[in-house]
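Per my numbering, the very first residue in the sequence shown carries number 16; after that it's consecutive.
For every residue, glycine included, the Cβ atom is placed at its ideal position computed from N, Cα and C.
These notes are about the structure you will find just below.
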Amino acid sequence: MQDSSAEILAEWNDFALRTFEEGIAPNILTFRDIKELQYFLIAQSKLHGKQERKNALDQMDAELALEENGNQKLHERKKNRAEEVGIRTRLLKRIRELKRDLDA
16 MQDSSAEILA
26 EWNDFALRTF
36 EEGIAPNILT
46 FRDIKELQYF
56 LIAQSKLHGK
66 QERKNALDQM
76 DAELALEENG
86 NQKLHERKKN
96 RAEEVGIRTR
106 LLKRIRELKR
116 DLDA
């Protein structure tokens with residue numbers, strides 16, 4: 016199945032808007048250009064793997080666990096974090112395949 020830039024952008028933007036509306040990740044952006052999305056996804060992938068990011072997330076999780084309904088919110092945040100990593104990886108792969116097909 017060959018993807019188009021529009022399909023890839025639409026999938027990411029739907030994910031970004033849904034997480035924003037649910038108040039899960041207000042810093043996820045929507046994009047109109049496939050190159051901008053690719054650069055953002057690569058940067059986020061690199062950032063995600065850094066120890067500082069992990070420490071910050073662990074601290075946020077610890078604070079969240081102390082709040083009312085904290086365990087439920089923590090579970091939702093971890094689930095959404097995993098979903099973001101999955102969609103980011105999948106879309107980067109699709110962008111690379113699309114670029115390879117266009118260059119061929």
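Buried or exposed for residue i, please, with buried defined as at least 16 other CB atoms from any protein chain shown within 10 angstroms of its CB.
{"i": "Ile57", "result": "exposed"}
{"i": "Leu52", "result": "buried"}
{"i": "Ala25", "result": "exposed"}
{"i": "Leu106", "result": "buried"}
Could you pull out every residue in the same chain whose Cβ sits closer than 6 Å to the Cβ of residue i, ignoring the five residues on either side in sequence?
{"i": "Asp18", "result": "Arg109, Leu113"}
{"i": "Leu79", "result": "Gly85, Lys88, Leu89"}
If you drop the 5 nearest sequence neighbours on each side, which residues of the same chain put their C-beta closer than 8 Å to that of residue i?
{"i": "Ala77", "result": "none"}
Grab me the residues of residue i's own chain with a C-beta within less than 7 Å of its C-beta, minus the 5 sequence neighbours each way, in chain order.
{"i": "Ser20", "result": "Ile49, Leu113"}
{"i": "Leu32", "result": "Thr45"}
By DSSP, does residue i sit in helix, in strand, or in coil?
{"i": "Arg115", "result": "helix"}
{"i": "Leu81", "result": "coil"}
{"i": "Thr104", "result": "helix"}
{"i": "Thr34", "result": "helix"}
{"i": "Arg47", "result": "coil"}
Could you round the C-beta distance between residue i and residue j to whole angstroms and report it? I think they count as a contact, below 8 Å.
{"i": "Phe55", "j": "Ile102", "result": "Actually they are not in contact, since the Cβ atoms of Phe55 and Ile102 sit about 12 Å apart, beyond 8 Å."}
Review point. Should the segment 83-97 be regarded as contacting the segment 44-51, the criterion being three or more beta carbon pairs within less than 8 Å?
Key: No: fewer than three Cβ pairs fall under 8 Å.
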